[in-house]
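Visitor:
In UniProt numbering, the protein residues as written are 1 to 148.
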């Protein structure tokens, strides 16, 4: 009368289907502003290195500025909007809090990122040095610094 299927195998199958492919990205030198090329070819990066590049691009890309990233739903636009906060006469605690909020919300959209911790913003006139720890699913984590 009751189903006889083994629930452990059903749960195991659904977990495997939920695994997210991080994908492939190309190595980018943010200091030079160009892709890294070896033997005339772009260098592919995967896993954690791809996530690090995605994070840096996400933070350095000003939200709503570039047509290529336009979405019908303005909330899902690529990038963040913190450059408008830098160099203005706003309370430091407000600027740092808003930077933290925008970056955290944006980075948590990545399917492999589960938390952003140890967030620190150091203001340098019209730029900011942002340090934080990224926690990935599977409890792996790494530190990242981005200057905007």
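All residues carry an ideal CB built from backbone N, CA and C; glycine is no exception.
Computed from a predicted model, the values in this text were never measured in an experiment.
For a test of the three-state rule: what should DSSP assign to residue 125, helix, strand or coil?
Guide: coil
Visitor: What are the start and end residues of the beta strand (DSSP E) that includes residue 58?
Guide: First-last for residue 58: 47-60, but that is the alpha helix (DSSP H), not the beta strand (DSSP E).
Visitor: Note down the Cα distance separating residue 96 from residue 45, rounded to an integer number of angstroms.
Guide: 31 Å
Visitor: Does the count of Cβ pairs from the segment 119-134 and the segment 97-109 closer than 8 Å reach three?
Guide: yes
Visitor: What's the gap between the Cα of residue 99 and the Cα of residue 43?
Guide: 31 Å
Visitor: Cutting at 6 Å between CB atoms, please list the residues of its own chain near residue 143, excluding the five before and the five after it.
Guide: 133
Visitor: Can you tell me which residues form a DSSP beta bridge with residue 32?
Guide: Beta-bridge analysis with DSSP links residue 32 to no other residue.
Visitor: Using 8 Å for Cβ pairs, my map puts residue 148 next to residue 51. What's the rounded Cβ distance?
Guide: That pair is no contact at about 18 Å.
Visitor: Flag this pair as yes or no: are the beta carbons of residue 56 and residue 35 separated by less than 7 Å?
Guide: no
Visitor: Below 6 Å CB to CB, which residues in the same chain sit around residue 146 once its five sequence neighbours on both sides are set aside?
Guide: 56, 59, 130
Visitor: So, under 8 Å CB-CB, residue 115 and residue 122 are touching, yes? Tell me the CB distance rounded to an integer number of Å.
Guide: The Cβ separation is near 21 Å, so there is no contact.
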